[in-house]
Amino acid sequence: MTTLLALDTATEACSVALLHDGRVLSHYEVAPRLHAQRLLPMIQQLLGEAGIAAAQLDAIAFGRGPGAFTGVRIAIGVVQGLAFALDRPVLPVSNLAVLAQRALREQGATQVAAAIDARMDEVYWGCYRVEAGEMRLLGQEAVLPPEQAEAPRGSSGEWFGAGTGWGTFASRIALKPAAMDGSLLPHAEDLLSLARFAWARGEALPADQAQPVYLRDQVATPKAPPA
C-alpha cells in the first residue's frame with residue numbers, strides 16, 4: 092500500500108499528514124513565524140506514531156503556494172532535503188486547492204472560491220468544483236485586487252468562500268458567496284487527499300522539481316535595478 096507524507100507551511104498554519112496502511116494521521120497547529128522550528132519535529136512525531144521510518148515513504152507532498160514567501164520556502168527546503176536524501180519523488184499541491192478541499196471536507200461545499208490574503212491590497216484567488224471527491228480548478232489561479240475576484244466565466248450555482256482573503260476583503264470581493272469561512276487555513280490532511288489523486292495519476296516529480304508558485308512575478312523574480 093502507498094505511504095505518503097504531506098506537509099504545509101504556506102500560511103500561518105503548520106501541518107503534516109501521513110497516509111500509511113490506509114490510515115491517515117495528521118498534526119495541525121497555527122504557529123506564525125515558528126514553522127522552521129516546528130516542521131521537522133512534527134514530521135518525526137508523526138512517523139513515530141505510525142511506527143515507520145522515513146525510508147518507507149513512497150513520495151512527499153507539499154503546499155507549493157501561493158502563500159507567504161518565507162513559509163513556502165521552508166516547505167520547499169524541507170521537502171527537497173528529505174526527497175534527495177531518500178531518493179523519493181515529490182507531489183506539489185496548490186494551497187488554494189487545499190483550502191477548497193478542506194471546505195469540502197468540513198462544510199460539504201461543492202463549489203469553493205478560495206482566497207488567501209496576499210498583502211499589498213490583493214488576494215491569491217482560485218475557484219474550484221468537486222469532481223469524484225477532488226476539488227479541481229476552474230479557470231486559472233491569480234493574484235489580483237479583490238474587486239477583480241470573480242467566478243469563472245460560464246459557471247453557475249452557489250459558492251462557498253474559503254480563506255483569509257475573505258476574512259480581510261469579503262465586502263470588496265466581486266463574487267458574492269452563499270456562505271464563507273474567512274479564517275480557514277490550509278490543512279495537510281486535505282493536501283494529502285489531493286496528493287493521493289495526483290499520485291494515482293502518476294504526477295509525482297523528481298525532487299529537484301519541487302518549486303514554489305508565488306503567482307506574483309515580482310516576488311519570485313525581483314526586478315533588476317535600473318542601469
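Heads up: the sequence shown runs through residues 92 to 318, numbered per our numbering.
Glycine included, C-beta positions come from ideal geometry on N, C-alpha and C.
Assignment of beta-bridge partners to GLN202 by DSSP yields ARG220. Shown here, SER274 sits in coil according to DSSP, grouped into three states, outside any helix or strand. In the displayed model, PRO236 falls within coil according to three-state DSSP, outside both helix and strand.
Collapsing the DSSP output to three states places SER117 in a strand. Sorting GLN171, LEU109, ARG307 by C-alpha distance to the C-alpha of ASP212 places ARG307 at the top. The DSSP-derived three-state label of ALA301 is coil.
Of ALA242, LEU187, ALA301, the smallest CA-CA separation from ASP281 is found for LEU187. Burial is judged here by how many other beta carbons sit within 10 angstroms of a residue's own beta carbon; ALA270 has fewer than 16 and is exposed. Between GLN302 and ASP99, the alpha-carbon positions lie close to 14 Å from each other.
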